[in-house]
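Notes for the one structure printed next.
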Amino acid sequence: MYRHSPNWFSESTDVIIYSLQENLEFEVLNQHRIIKPSLIGLATFSLGILDVEPRMIGEERAIHAPKNPVDVKGTLLFDVFYYPVLFSSFSSSSNEEGIQLSNAGIVTLRIQQAKDFIWEDYLPAPSKLVATASLGWADAPIHVTAPSYFTGQAPVWNSAFDFICFEKTSTTIVIKIVDGEDHCCKRPAALYGHVSVALDELLEAQDDVERERGWWPLSGCPRGALRMTAHWKPIEMNRNRIYRPSSF
């Protein structure tokens, strides 16, 4: 029998939690270089306790075999930090000023449709189009819409998703409209239009009554525009005091 004590001290991930009634489940895998990774076991953490104590340090849970929960394969040591959404100025953990100035939060971005969609002459006519969202021109997409089949009408996606933003004032949203066939086949996708918008500007536009709400001009697409909107939910996050005593 062989025993190992692997560690992932440099590894962390951020997850959006929609309900504290759920469990956080860890899968421990045996990673192979050639064959498909195999599941060693599962460790489970109940999220309900975070409503009372938002910082759980040094948690340890048994790793149970997937087909025989009685069989314990070892233990998993981890930390969990919960940052709740600041719903109102009457929150006991915040005030009105804190909510307005919070630079970390959850963004709900909705990519709706394009209009006056006419592409450059050197590009072939697309059969279906997808819109990708990223936080930088060269960054990997954080969201890809379902394909919109192109029949001569402007493409419509109505695709919404959430993501965690740590620096609202320095975040830029990059949307690219690309050929869906190329993207699915992982080929270099033909680019039919793109737009880059600062997150702050995107959020402020929702309250600008003088602006045609939500429409942003597309570069590389003559007269084209993309409709997208964003909603901001601030969260109470200060990474500088993660391991300090809780002030809740």
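Going by this note's numbering, the first residue of the sequence shown is number -3, and it counts up by one from there.
We treat Cβ as the ideally placed atom computed from N, Cα and C, and that holds for glycine.
Residue i and residue j closer than 7 Å at C-beta
{"i": "L251", "j": "E56", "result": "What is shown of the chain runs -3 to 244, which leaves residue 251 out entirely."}
{"i": "K164", "j": "P143", "result": "no"}
{"i": "A201", "j": "V103", "result": "no"}
{"i": "I36", "j": "K63", "result": "no"}
{"i": "F159", "j": "I173", "result": "no"}
{"i": "T40", "j": "E18", "result": "no"}
{"i": "A100", "j": "M233", "result": "yes"}
{"i": "T273", "j": "A61", "result": "Missing from the structure shown is residue 273; the chain here goes from -3 to 244 and no further."}
Which listed residue (the options) has its alpha carbon closest to that of residue i
{"i": "G44", "options": "L119, G54, P80", "result": "P80"}
{"i": "I169", "options": "P50, L199, L46, V126", "result": "L199"}
{"i": "V24", "options": "S34, Q17, L16", "result": "S34"}
{"i": "M224", "options": "G54, L214, W4", "result": "L214"}
{"i": "E49", "options": "K32, C161, H60, L16", "result": "L16"}
{"i": "G54", "options": "K32, F5, I13", "result": "F5"}
{"i": "Y14", "options": "H0, G210, F157, K32", "result": "F157"}
Cross-strand partners of residue i (DSSP beta bridge)
{"i": "Y145", "result": "K124"}
{"i": "W211", "result": "R223"}
{"i": "K32", "result": "Looking at the DSSP assignment, K32 forms no beta bridge with any residue, so it has no partner."}
{"i": "A100", "result": "Beta-bridge pairing links A100 to no other residue."}
{"i": "H0", "result": "Paired residues: none, contrary to the question."}
Distance cut-off 6 Å: residue i Cβ against heavy atoms of the ligand MN
{"i": "I53", "result": "The ligand content of the structure shown is nil, which means the ligand MN is not present either."}
### Query
How about the stretch 63 to 78 and the stretch 183 to 200: do they share at least three Cβ pairs that are nearer than 8 Å?
no
### Query
Should the stretch 150 to 163 be regarded as contacting the stretch 104 to 122, the criterion being three or more beta carbon pairs within less than 8 Å?
yes
### Query
At a cut of 8 Å, does the stretch 111 to 119 reach the stretch 216 to 226 through at least three beta carbon pairs?
yes
### Task
Would you list, in sequence order, the uninterrupted beta strand (DSSP E) runs of no fewer than 3 residues that lie entirely inside the stretch 157 to 193?
168 to 175
### Query
Which runs of the beta strand (DSSP E) spanning at least 3 residues fall entirely within the stretch 11 to 82, listed in chain order?
19 to 26, 34 to 42, 51 to 60, 68 to 77
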